[in-house]
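One structure below.
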Amino acid sequence: MEYIKSVFDLIFPTKNLCYFCNEDELKIENYICRSCRNNIEIVNKEVFLDSSFISECYYTTIYDRFMKDIIRRYKFNDKSFLYKPLGEILLKTIYEKNLDKKVDLIAFVPSHRRKEAIRGYNQSELLAMFVSKELHIPLLKTLIKSNHTLDQHFLDKEDRKHNLKDVFKVKRKEDVEEKSILLIDDIITSGSTMEECAMELIKNEAKAIFALALTSSRKI
Ligand SMILES: O=P(O)(O)OC[C@H]1O[C@@H](O)[C@H](O)[C@@H]1O
Numbered sequence: 001m002e003y004i005k006s007v008f009d010l011i012f013p014t015k016n017l018c019y020f021c022n023e024d025e026l027k028i029e030n031y032i033c034r035s036c037r038n039n040i041e042i043v044n045k046e047v048f049l050d051s052s053f054i055s056e057c058y059y060t061t062i063y064d065r066f067m068k069d070i071i072r073r074y075k076f077n078d079k080s081f082l083y084k085p086l087g088e089i090l091l092k093t094i095y096e097k098n099l100d101k102k103v104d105l106i107a108f109v110p111s112h113r114r115k116e117a118i119r120g121y122n123q124s125e126l127l128a129m130f131v132s133k134e135l136h137i138p139l140l141k142t143l144i145k146s147n148h149t150l151d152q153h154f155l156d157k158e159d160r161k162h163n164l165k166d167v168f169k170v171k172r173k174e175d176v177e178e179k180s181i182l183l184i185d186d187i188i189t190s191g192s193t194m195e196e197c198a199m200e201l202i203k204n205e206a207k208a209i210f211a212l213a214l215t216s217s218r219k220i
């Protein structure tokens, strides 16, 4: 029996490892341990953006020190594999708000190809891919970021709007026409990123945009 367990551990070395804290634990659920699960405050909250392009906008967890650290590691410390537990977390809001019943496509906030080349991945695309696979709803890849811009987190609210003006483009209008789309990002702060993406999708005759982020540092 011990022998079989050792062989199993060799084949699946990360089976009981928490993706967040790396501890070895038996009660791993959705890739994370009980203690890390307890540290995440799921709120499934609606954000009111005063937008003519977004029908509903939500975030899943409170932006506390724990979440801030997880997102920092996911985006800046090469921990792309965190898309799995974070994708599971997003699904909670999707089911709670019935977003899976409301949309035809899953989209993500694109990053500029230069930024993606440096980071090696787009964190929002990985989340959207995970959600698309779980829900069996097609992934939309037609929204692109055509210019390299300053990172939003260096800017104040007013500059965040101007920074992204006209940078998102739909490559093929026929991909979005008459479609209801779930747009995914990691974090909402001012809401400008979601708004600019949604505007481009609606300009290309998408039917409705539902926005969802893991968390929000916006004061509402
Ligand atoms: O546009 P706002 O909501 O202010 O800022 C959020 C964006 O800023 C980036 O760091 C995040 O990845 C997200 O795309």
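Read in UniProt numbering, the sequence shown has 196 at position 196, and its numbers run on one by one without any break.
Using N, Cα and C, we set each Cβ at its ideal position, and we do this for glycine too.
Reduced DSSP category for residue i - H, G, I as helix; E, B as strand; rest coil
i           : result
residue 260 : What the structure shows of the chain is the stretch from 1 to 220, and residue 260 is not part of that stretch, so it cannot be assessed.
CYS33       : coil
LEU82       : helix
CYS18       : coil
TYR58       : strand
ILE28       : coil
ILE137      : coil
SER124      : helix
ILE220      : Residue placement at ILE220 is poorly supported in this model, since its pLDDT is 49, which falls under 50; the coordinates still yield a value, given next. In this structure, ILE220 counts as coil in the three-state DSSP scheme.
GLU46       : strand
LEU164      : coil
THR149      : coil
PHE66       : helix
Closer than 6 Å: residue i CB and nearest ligand 1 heavy atom
i      : result
HIS148 : no
Within 7 Å, strictly: CB atoms of residue i and residue j
i           : j      : result
ASN163      : THR149 : yes
TYR59       : THR215 : yes
ASP186      : ILE71  : yes
PHE168      : GLU56  : no
ALA206      : ILE188 : no
TYR63       : SER190 : no
residue 272 : GLY87  : The structure shown does not extend to residue 272, since the chain is modelled only from 1 to 220, so the question has no answer here.
VAL170      : GLU196 : no
LEU140      : LEU105 : yes
Minimum Cβ-Cβ distance from residue i to chain B less than 7 Å
i     : result
LEU91 : Structure shown: chain B not included; a single protein chain is present.
*Can you list the residues near ligand 1, meaning Cβ strictly closer than 6 Å to any non-hydrogen atom, in the order they appear in the chain?*
Selection output, chain order preserved: VAL109, ASP151, GLN152, HIS153, ARG160, ASP185, ASP186, ILE187, ILE188, THR189, SER190, GLY191, SER192 and THR193.
*Counting pairs of beta carbons, one from the region 180-193 and one from the region 26-42, are three or more of them closer than 8 Å?*
no
*Using 8 Å as the Cβ pair cut-off and three pairs as the minimum, do the region 190-200 and the region 32-42 touch?*
no
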